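Residue numbers (the numbering used here): -6 to 323.
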Amino acid sequence: MSANAESQTPQQPGSKKGKRKGALLLLTLLFIIIAVAYGIYWFLVLRHYEETDDAYVAGNQVQIMAQVAGSVTKVWADNTDYVQKGDPLVTLDRTDAQQAFEKAKTQLAASVRQTRQQMINSKQLQANIDVKKTALAQAQADLNRRIPLGAANLIGREELQHARDTVASAQAELDVAIQQYNANQAIVLGTRLEQQPAVLQAATEVRNAWLALQRTQIVSPISGYVSRRSVQPGAQIGTTTPLMAVVPATNLWIDANFKETQLAHMRIGQPATVISDIYGDDVKYTGKVVGLDMGHRQRLLSAAGAECYRQLDQSGTASAGSYRAGMKNN
């Protein structure tokens, strides 16, 4: 029995070494098979896809600025707030605008009264012309009667000259009346009261003052999310002061940054899949490439200077989560 044990002992190291070589060979063969399979998969599938982790949601931001200068009394919205079109964003002090509006209304009323009086004067001046014409006709008739009497020496020269002077005076008064009427007509222009230039000008001032008063309430021009709010209550702002921005919740796209070497086979219209970091791999958005452009910052030596714009497909799986401008994507 001892002889058999001694004969079996030397065989164990060789057997273990052979098994180890077999396992190593099998493992190597498995790696080779995996590598070959991956190479085939890459050649058939993966080489037709490009991916990047440098992508962000973008949208057309609407810059909010005041149309009239003033002092801010209240700010109605803050960053990340969702506002509807027409919702108030900022309120300015209305005191100066209200006073300007009241002054414009007073000036309009005064212009209407003055123009109406001028139109009344026009009728009075026309009546005065008729009176002067009648007086001239009477004086001329009286002179015509006296001329034969003077020729027959039935009346004195002074009486005849007085009749002539009366006609001349009546003619002069008629000329003055006509000039006054024409001067008034040049102002009135023979148009209706509401079409008079002075009234139209005053009405325009009222509309401008009313518009300035309405513009003390700054409202959102679109529905979206408030971003980059910089205005504070009490601030004195002008018409060029940026107050905030509103980013629409629709019509968004993805700014995806790729290396230039990745753009060789990219074409406009190709499908794209977007995964947001905030929602994870369970939520996927579908879209398509809508444009290729250079990066925002041009560099002398850079291989990552190109952007691929991908439009989101609103009818895809995007209903599982909400996209907002600025979100990071893959």
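The beta carbon of each residue, even a glycine, is placed where N, CA and C say it ideally should be. All values derive from a computational prediction rather than experimental measurement.
For T266, DSSP records a beta bridge to T279. Between V212 and P81, the C-beta gap is smaller than 7 Å, which places the two residues in contact. If you look at M112, you'll find it isn't in any beta strand (DSSP E); it sits in the alpha helix (DSSP H) that goes T88 to A144. With the rule of 3 Cβ pairs closer than 8 Å, the stretch 251 to 261 counts as touching the stretch 40 to 55. In the DSSP assignment, L186 falls outside any alpha helix (DSSP H), carrying neither H nor E. Distance from L167 to L129 at the Cβ level is roughly 5 Å; contact confirmed, criterion being Cβ atoms closer than 8 Å. Taken through DSSP and simplified to helix, strand or coil, T232 comes out as coil. DSSP places D168 in the helix class (H, G or I) of the three-state scheme. Nearest Cα to V282 within the set I261, L147 and G79: I261.
The beta strand (DSSP E) runs of length 3 or more contained entirely in the stretch 187 to 228 are, from start to end of the chain, 210 to 212 and 217 to 220.
Proximity to P235 across L204, V29 and I57 peaks at I57, based on C-alpha coordinates.
In the structure shown, the three-state DSSP call for G79 is coil.
Put simply, the stretch 193 to 212 does not touch the stretch 143 to 154. Fewer than three CB pairs are less than 8 Å apart. Where I247 is concerned, the enclosing beta strand (DSSP E) starts and stops at W246 to F251. Under the DSSP assignment, M58 falls in the beta strand (DSSP E) whose first and last residues are V55 to M58. Counting the other Cβ atoms within 10 Å of the Cβ of S162 gives fewer than 16, which makes it exposed. Q229 places its beta carbon less than 7 Å from that of S64. Annotated three-state conformation of L285 is strand, per DSSP. The DSSP-derived three-state label of Y34 is helix.
Judged by beta-carbon spacing, I113 lies beyond the 7 Å limit of Y174, meaning their Cβ atoms are not closer than that value. About 7 Å separates the beta carbon of N250 from that of A48, a gap short enough to meet the 8 Å contact definition. In terms of Cα proximity to R109, the closest of L285, V124, V219 and V192 is V192.
Within the DSSP bridge table, the entry for L85 names V65 as partners. Just measuring C-alpha positions, the residue of Q133, A144 and T88 sitting nearest Q164 is Q133. When DSSP reads this structure, V240 sits in a beta bridge with Y218. Per DSSP, the continuous beta strand (DSSP E) segment holding Y49 begins and ends at A48 to A51. Nearest to T73 by C-alpha distance, out of T279, A242 and A265, is A242.
In the displayed model, A163 falls within a helix according to three-state DSSP.
A90 is not a Cβ neighbour of T233, given a cutoff of 7 Å.
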